[in-house]
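Each number in this note's numbering corresponds to the 1-based position in the sequence shown with 27 added.
For every residue, glycine included, the Cβ atom is placed at its ideal position computed from N, Cα and C.
Take a look at the structure set out below.
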Amino acid sequence: MRSIRRGDNGPAVVEIRSILVGLELLETASDVFDDDMDSAVRAFQQSRGIGVDGLVGPETWGTLDAARWRLGTRTLFHSVTDALVGEDVRELQERMLEMGYDAGRADSIYGPRTARSVAQFQREVGLTPDGSCGPQTMKALRRLGRKVVGGRPQWLRESEAFRQAGTNLMGKTIVIDPGHGGGDDLGVVVPDGPLRWTETDLVFDLAARLEGRLAAAGMRVHLTRGPQPASSMTGAERAELANSLGADLLISLHLDGHDNEAAHGVATYHYGTGSGLSSTVGERLANLVQREIVVRTGMRDCHVHSKTWDLLRLTKMPAVRVDLGYLTSPVDRDRLVNPLFREQIVEAILAAVQRMYYPVEIDVPTGSIDVRQLRVALANKA
């Protein structure tokens, strides 16, 4: 679908406005995308952790459609052919996790893991364990509080899985996702005299360099695209590819752009919802990547943020997206077009990946890992 924006009108605008009215972000329904609706769309995007641009594209529309539902307004069940999606599913998943049941990531999709957690809950409270969430299950949920105390249960599960994986990078699988690419999807494009710098070219170069360094450290590395793909991929398709490869980690590389040339710096994103639930191991990876890049390159720290983008929400492994500076900033651009600077970024990400597999109690200071020694250590074990 094309993006719906301020100034548009028609049935699609009516439907979007009705959802926003139901969410109490707008007061009146009409068929005009006016300034009030633009503000409401932006507020909705901000609250749901998606890109704030005031446009209703595929991702914003999907999130709006999911927001129609509140937990208890419909019976939830696992469907193999057409999974139920909605904010009511996410609320249920969060409730299951708070009560100590392993519903997996709160991704708003009623999949088999969520159904198994509901069935386990039903079995323990004396209900028929059919894995669906109807009136009787909702009544039981309202009666009970949290079972797990002393830490977030998802954090405990994810942390334990990483602890058991060991500190060595050998044999672990990572997917590197160079953003954009395919057809006219060039990302941020900046003319520079006779040259033209594009996000797609620069992030692919970074991805290829990172692929070589991670492979030399013993990891199995996959890229989501080549230098000139025939067609573009959505975030959901990239997530599906990473899931099919059984990856342990995913790192997506992007550059940013802004009308104001003064905007510059690096930011890293992990999966997280407005209610504070997040992929906690993904959050740790995001923090490690962000700190290593800032310390090793001196780039401005634009901090770590939680988002619900499809690439982060639908991956089954810890996943982060790194926006490695603003191509529209003369300061960042001068650095990013320098191959030696891109090598610094690659070394920072490699160090962060290694630190991910160190238990917290034996972690090392940021910037202290000599990534050249990782290859030497691998050679000595061969």
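- Message: Helix, strand or coil, according to DSSP, for S144 in the structure here?
- Response: helix
- What's the C-alpha gap between L213 and V83? The straight-line gap separating the alpha-carbon atoms of L213 and V83 is approximately 21 angstroms.
- Take T102 as the anchor and find which of R143, V48, T164 and Q381 has the nearest alpha-carbon. T164
- Does DSSP put L367 in a helix, in a strand, or in coil? helix
- Task: Compute the beta-carbon to beta-carbon distance between G352 and G292, rounded to the nearest angstrom, for a pair I have assumed lies under 8 angstroms.
- Result: With a contact defined as Cβ atoms closer than 8 angstroms, G352 and G292 qualify at about 7 angstroms.
- Are the CB atoms of S271 and Y298 nearer to each other than 9 angstroms? no
- Message: Going by C-alpha to C-alpha distance, which of D286, I201, A257 and V41 sits closest to A244?
- Response: I201
- Item | Residue from T342, P156 and Q149 with nearest C-alpha to L168 | Q149
- Please check the pair A14 and I46, which I expect to be a contact at CB under 8 angstroms, by giving their CB distance rounded to whole angstroms. Outside the modelled stretch of the chain, which goes from 28 to 409, sits residue 14, for which no answer is possible.
- Query: Do you know how far the Cα of F71 is from the Cα of I43?
  - Reply: 11 angstroms
- Output the distance between the C-alpha atoms of L53 and P386, rounded to the nearest integer angstrom. The alpha-carbon atoms of L53 and P386 are separated by roughly 47 angstroms.
- Message: Determine whether the beta carbon atoms of I278 and L312 lie at a separation below 9 angstroms.
- Response: Yes, the pair counts as a contact, with Cβ atoms nearer than the cut-off.
- Query: Mind checking if D212 is an interface residue toward chain B, Cβ cutoff 9 angstroms exclusive?
  - Reply: You won't find chain B in this structure, because it holds only one protein chain.
- Message: How far does the alpha helix (DSSP H) with R318 in it extend, from its first residue to its last?
- Response: T307 to T324
- Query: According to the neighbour-count rule (16 or more other Cβ atoms, all chains shown, within 10 Å of its Cβ), is E226 buried or exposed?
  - Reply: buried
- Check whether the Cβ atoms of R362 and T295 lie closer than 9 angstroms to each other. no
- Task: Note down, in chain order, each residue of its chain lying with its Cβ closer than 7 angstroms to the Cβ of D65, except the 5 sequence neighbours on either side.
- Result: R33 and G81
- Could you check how far apart the C-beta atoms of L91 and E118 are, in whole angstroms? I think they sit under 8 angstroms. Contact doesn't hold; Cβ gap of about 16 angstroms is too wide.
- Task: Look at the Cβ atom of G127, then the Cβ atom of T141, and state whether they are nearer than 9 angstroms.
- Result: Contact flag unset, no.
- Message: Please state whether the Cβ-Cβ distance between P205 and L276 is less than 9 angstroms.
- Response: no
- Item | Same chain, Cβ closer than 7 angstroms to G262, neighbours up to 5 away in sequence not counted | Hits under 7 angstroms: W336, D337 and L338.
- Message: I320 and A379 - do their beta-carbons sit closer together than 9 angstroms?
- Response: In this structure, A379 lies near I320, with their beta-carbon atoms less than 9 angstroms apart.
- If you draw a straight line from the alpha carbon of L268 to that of T251, how long is it in whole angstroms? 7 angstroms
- Message: Nearest by alpha-carbon distance to F231: which of R369, E388 and L377 is it?
- Response: R369
- Got a sec? Which residues, its chain only, sit under 7 angstroms from D390 by beta carbon, not counting five neighbours each side? Excluding the 5 residues flanking it on each side, D390 has same chain C-beta neighbours closer than 7 angstroms at R382, in chain order.
- Three-way DSSP call (helix, strand, coil) for L237 in this model: helix
- According to DSSP, is G178 helix, strand or coil? Note that G178 scores a pLDDT of 45, beneath 50, so its modelled location is shaky; the value from the coordinates is reported in the next line. Correct three-state label for G178: coil.
- Run the CB neighbour count on D397, radius 10 Å, all protein chains shown included, and call it buried at 16 or more, exposed below. Answer is exposed; the Cβ neighbour count stays below 16.
- Cβ neighbour criterion (16 or more within 10 Å) applied to H281: buried
- Query: Grouping DSSP H, G and I as helix and E and B as strand, with all else coil, what is G262?
  - Reply: helix
- Query: Taking the Cβ atom as the reference point for each residue, do D341 and I136 lie within a distance shorter than 9 angstroms?
  - Reply: The sequence shown places Leu at residue 341, rather than the Asp named in the question. Yes, they are a contact pair.
- Query: Do G208 and P156 have their C-beta atoms within less than 9 angstroms of each other?
  - Reply: No, the Cβ-Cβ distance between G208 and P156 is not below 9 angstroms.
- Query: Could you give the uninterrupted runs of the beta strand (DSSP E) lying entirely in the stretch 45-95, keeping only those of 3 residues or more?
  - Reply: Runs of the beta strand (DSSP E) lying entirely within the stretch 45-95, each at least 3 residues long, are absent.
- Given a threshold of 16 other Cβ atoms within 10 Å of its Cβ, counted over all protein chains shown, does R170 qualify as buried or as exposed? exposed
- Figure out for me which residue from D219, V216 and L237 has the closest Cα to the Cα of I203. Among D219, V216 and L237, the Cα nearest to that of I203 is on L237.
- List the endpoints of the continuous beta strand (DSSP E) containing V347. A346 to Y353
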